[in-house]
Amino acid sequence: MIFAFLQNMNKPINLNQFLRITILLILAIMLVFPFVTNAQIFKKKTKVETEISFPADLNRERVSFDLQPDGIKKFSIVLEKKSKVITKVKIFDTLGNLLFEDKIMPEDGNIKSYDLSHLQSQLFVVEVGNSKYNITKSIYAIPPGKKRGIDAQVND
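Encoded structure:
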């Protein structure tokens with residue numbers, strides 16, 4: 004049909020015949036086009052990963068610790084076992100404001116003391132952790148049995 008159309012180009016064109024040929028060309032292009040585009044997809048080479056590796060930070064143990072009062076607004080963090088990596092310490096007030104940030108290095112051992120007597124807070128929230136785990140505990144600024152003011156010097 005297409006060849007007949009091309010041979011008769013110098014003759015007047017029948018509109019009905021022209022529409023049929025145009026529709027056939029459009030259908031032919033639509034049928035061939037998906038195969039051409041899919042062929043390009045298959046030509047791409049994809050890299051296949053055969054091994055999964057995780058950074059060392061993900062293989063950390065939980066940090067277990069206790070808070071021991073050492074006096075008015077003084078306390079120690081006692082790690083259950085000596086850490087082999089840096090342990091992060093953050094101290095907040097009851098409103099969630101960050102008051103102090105520190106790190107316990109492996110060479111520091113498993114006990115680190117803090118003196119926050121210069122701060123106004125009555126309760127400290129202590130967050131201790133590593134890159135994977137964080138544990139939060141709280142401690143009162145004035146431990147039971149301790150007095151504030153003049154008598155505090157005697158009891159310390």
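Note that the working numbering gives residue 125 to position 122 of the sequence shown, counting from 1, and the numbers run on in steps of one.
Every residue, glycine too, gets a C-beta built ideally from N, C-alpha and C.
| Item | Value |
| --- | --- |
| May I ask you to report which of helix, strand or coil DSSP gives GLU83? | coil |
| Am I right that PRO109 and SER86 are in contact with their C-beta atoms under 8 angstroms? What's the rounded C-beta distance? | 6 angstroms |
| On the DSSP bridge assignment, give the partners of LEU101 in chain order. | PHE95 |
| With burial defined as no fewer than 16 other Cβ atoms inside 10 Å of the residue's Cβ, what is the status of PHE127: buried or exposed? | buried |
| Buried or exposed for TYR136, please, with buried defined as at least 16 other CB atoms from any protein chain shown within 10 angstroms of its CB. | exposed |
| From ASP96 to LYS140, what does the alpha carbon distance come to, in whole angstroms? | 12 angstroms |
| Tell me whether PRO146 sits in a helix, a strand or coil according to DSSP, three-state version. | coil |
| Can you check which of these residues, ILE75, ILE29, LEU22, is closest to ILE145 by C-alpha distance? | ILE75 |
| Between which two residues does the beta strand (DSSP E) harbouring SER116 extend? | 114–118 |
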